[in-house]
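Take a look at the structure set out below.
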Amino acid sequence: MRAPGRDRRAAAVPPQAPAGALPDPAPRVAVIGGGIAGLAAATALAERGVAATVLEREAGLGGRLRGWPIRLRDGSAATMTRGFHAFFRQYYNLRALLSRADPELEALTPLADYPLVHAGGARDGFAGLPRTPPWNALALAARSRSFPARELAGVNIAAALQLLDVDVPGVYARLDHLEAPELLEAIRFPASARHLAFEVFSRSFFADPRRLSAAELAVMFHIYFLGSSEGLVFDVPRSPFPQALWHPLAARLESLGARVHTSAPVEAVASGHTRRFAVACAGAPAAEFDAVVLAADVPGLRGLTERWEAPADAAWLAGLGRLPSAPPFLVSRLWLDRPVDASRPGFLGTAGYPTLDNVSVLERFEDEAAGWARRTGGSVVELHAYALPEGCEARREHERLLAQLHRVYPETAEAGVVDERRELHADCPLFPPGGHAARAGVRTPDPDVVVAGDHVRVDLPVALMERAATSGVLAANALLTHWGLPGHTVWSVPRQGRGSAARALARWARGAPPR
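Position 346 of the sequence shown, counted from 1, bears residue number 345 in numbering that gives the first Met the number 0, the numbering being contiguous throughout.
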């Protein structure tokens with residue numbers, strides 16, 4: 000079987016053999032949630048002839064990647080979204096989903112670099128690095144000022160080797176009880192590297208690093224750097240998310256016979272009369288289904304547990320109700336009356352600032368923003384702040400971000416703001432130390448109910464958008480297998496560290512028997 004990217008060691012996970020029988024009449028499935036996970040599940044089901052109905056509470060698809068039309072103060076039409084996302088080459092299952100409607104992935108375009116800058120002046124980037132481990136790590140350490148030789152000499156080799164022996168789920172048994180900074184302190188990595196690269200990466204999980212599992216951090220390094228040869232350069236959509244991704248995918252779903260309903264919040268899941276479940280949406284009569292895919296975000300799942308009226312395992316339902324959310328995060332977008340400096344990258348990761356985590360200059364890659372910038376001579380700039388305090392106020396945090404932008408890109412201090420929009424939300428999952436065992440799995444005590452999302456426990460090295468897409472396919476596979484239908488193969492980066500010698504040395508260093 001051909002690997003989906005350049006990494007020949009990418010791991011294929013074939014579906015289980017079908018082991019059931021189709022219900023009579025043919026099955027109907029309610030997919031609650033129209034984000035990446037729900038769309039992946041619905042697509043995988045529809046491609047096997049199952050009647051899937053997507054029920055999305057918002058007015059548009061995409062979940063945290065949805066978008067909606069707005070009108071700027073200058074009269075221009077624009078699309079507002081929940082913010083920038085990077086589509087890495089190792090997101091095999093997400094890219095496979097998007098290719099259903101865009102076979103050549105022409106809606107994506109690469110960004111040349113992923114520069115990082117610290118408030119103290121340190122800078123790093125990933126352009127020009129070898130893509131294959133360990134040469135990528137060695138080249139980065141050799142050229143980066145964040146890895147001074149005198150500090151590298153003090154690295155705890157035995158602890159650092161654990162990053163080369165990442166296996167899922169084994170790494171969670173070893174490291175999930177630790178906070179991410181504890182692992183970095185044990186390794187004794189240079190402080191400059193810890194504050195720049197590691198802080199930027201860990202905060203991409205929308206959480207303060209002190210509330211992130213060390214196992215999750217180790218898996219992240221494995222996915223993006225130490226375990227994959229796809230590299231750290233990523234793609235972004237050429238157009239806003241709805242136009243580039245979700246409208247074409249919705250059309251593909253409907254061509255397969257699936258139904259897609261937006262502005263359809265689910266009010267209750269009860270027992271049906273002719274099929275197992277009756278799913279009621281606001282303002283519409285209940286429809287009946289043979290199975291349910293729970294692909295809502297974490298707050299949505301917690302709300303569903305309060306409105307779940309069908310028979311269910313009490314412990315499982317209570318577990319869903321306890322799923323934790325990450326702290327609030329803010330996306331601020333500015334339409335400025337003059338351009339930022341031509342040298343500014345499309346995306347910049349930041350560290351060491353009070354709240355600013357990254358800056359995007361949208362006209363560098365998005366056609367809608369580029370058109371506005373050409374017409375007006377301005378720039379469209381987006382700012383992100385992760386892990387904000389609970390109860391924070393959007394306007395105040397927006398003003399703080401603006402002041403930090405002026406430090407990072409001083410030319411923006413003189414720019415007038417044509418328009419500005421901000422989105423403050425707290426609907427990302429949290430992966431706290433010790434939390435792995437309590438995560439929801441794809442399968443549940445009821446074979447007709449499955450769960451999908453970026454919060455779901457998937458025993459593969461996947462994260463963020465790729466975990467959402469992977470869990471969606473696995474949720475569909477669980478139902479398809481149950482009904483005697485063929486499932487779909489999923490892919491991941493290598494499921495353990497790449498070098499057998501390095502893995503053996505890591506196990507020896509921690510006293511584990513060799514495998």
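Ideal Cβ placement from N, Cα and C applies to all residues, glycine included.
Query, Result
"Jot down the residue ranges of each uninterrupted alpha helix (DSSP H) in the stretch 260–320, minimum 4 residues, whole runs only, in chain order.", "297–305 and 313–320"
"Going by DSSP in three states, R506 sits in which element: helix, strand or coil?", "helix"
"Confirm the yes/no value for this check: CB of H435, any heavy atom of the ligand COA, distance under 8 Å.", "Ligands displayed in this structure: none; no statement on the ligand COA is therefore possible."
"Give me the Cα-Cα distance between P247 and D101, rounded to the nearest whole angstrom.", "8 Å"
"Determine the DSSP secondary structure at W490, reduced to helix, strand or coil.", "strand"
"Our contact map puts R306 next to A267 with C-beta atoms below 8 Å; I'd like the distance itself, whole angstroms only.", "5 Å"
"Starting from the C-beta of A39, find all residues in its chain whose C-beta is less than 6 Å away, skip the five residues before and the five after it, and write them out in chain order.", "L96, A468, G471 and V472"
"For the stretch 152–168 and the stretch 118–131, state whether three or more C-beta atom pairs, one from each stretch, are separated by less than 8 Å.", "no"
"For the pair the stretch 256–272 and the stretch 50–69, tell me if three or more CB-CB distances fall below 8 Å.", "yes"
"For A350, list the residues DSSP reports as bridge partners.", "H117"
"Have a look at E215 and L183 and give me their C-alpha separation to the nearest angstrom.", "13 Å"
"Do three or more CB pairs link the stretch 290–299 to the stretch 442–461 at distances below 8 Å?", "yes"
"Note down the Cα distance separating H481 from H272, rounded to an integer number of angstroms.", "21 Å"
"Classify A474: buried if its beta carbon has 16 or more other beta carbons within 10 angstroms, exposed otherwise.", "buried"
"Quick check on this structure: which residue in F205, V291 and E413 has the alpha carbon closest to the alpha carbon of V441?", "V291"
"List the DSSP bridge partners of T108.", "V235"
"Under 8 Å Cβ to Cβ from G483, same chain only, skipping five residues before and after it: list those, please.", "P17, A18, G19, A20 and L21"
"Using the rule of at least 16 other Cβ atoms within 10 Å of the residue's Cβ for burial, across every protein chain shown, is S227 buried or exposed?", "buried"
"Please classify G483: does DSSP put it in a helix, a strand, or coil?", "coil"
"Kindly list the residues whose CB is nearer than 7 Å to the CB of P353, restricted to its own chain and excluding five residues on each side of it in sequence; keep chain order.", "R399 and Q403"
"May I ask you to report which of helix, strand or coil DSSP gives S378?", "strand"
"For R65 versus R81, is the C-beta distance shorter than 9 Å?", "yes"
"Could you give the DSSP three-state label for L335: helix, strand or coil?", "strand"
"If you check the beta carbons only, do F233 and P132 fall under 9 Å apart?", "no"
"Please return the same chain residues whose Cβ sits closer than 6 Å to the Cβ of A36, not counting the five positions on each side in sequence.", "A294, A451, G452, A467, S470 and G471"
"In or out: L244 buried (at least 16 other Cβ within 10 Å) or exposed?", "buried"
"Ignoring anything shorter than 3 residues or poking outside the stretch 17–82, list the beta strand (DSSP E) runs there in chain order.", "27–31, 50–54, 66–70 and 76–80"
"Compute the distance between the beta-carbons of P432 and L211, then report whether it is under 9 Å.", "yes"
"Helix, strand or coil, according to DSSP, for L423 in the structure here?", "strand"
"Is the CB-CB distance between A25 and G486 below 9 Å?", "no"
"What are the partner residues of A11, as DSSP defines its beta bridges?", "W490"
"Tell whether a beta-carbon distance below 9 Å holds between A126 and A179.", "no"
"Once the 5 residues before and after R88 are set aside, which same chain residues still bring their CB inside 6 Å of it?", "G4 and E229"
"Among the residues of its own chain, which have a CB less than 7 Å from the CB of Y171, if the five just before and after it don't count?", "A214 and H435"
"Q15: buried (16+ other C-beta within 10 angstroms of its C-beta) or exposed?", "exposed"
"Tell me the rounded alpha-carbon separation between A159 and W134.", "16 Å"
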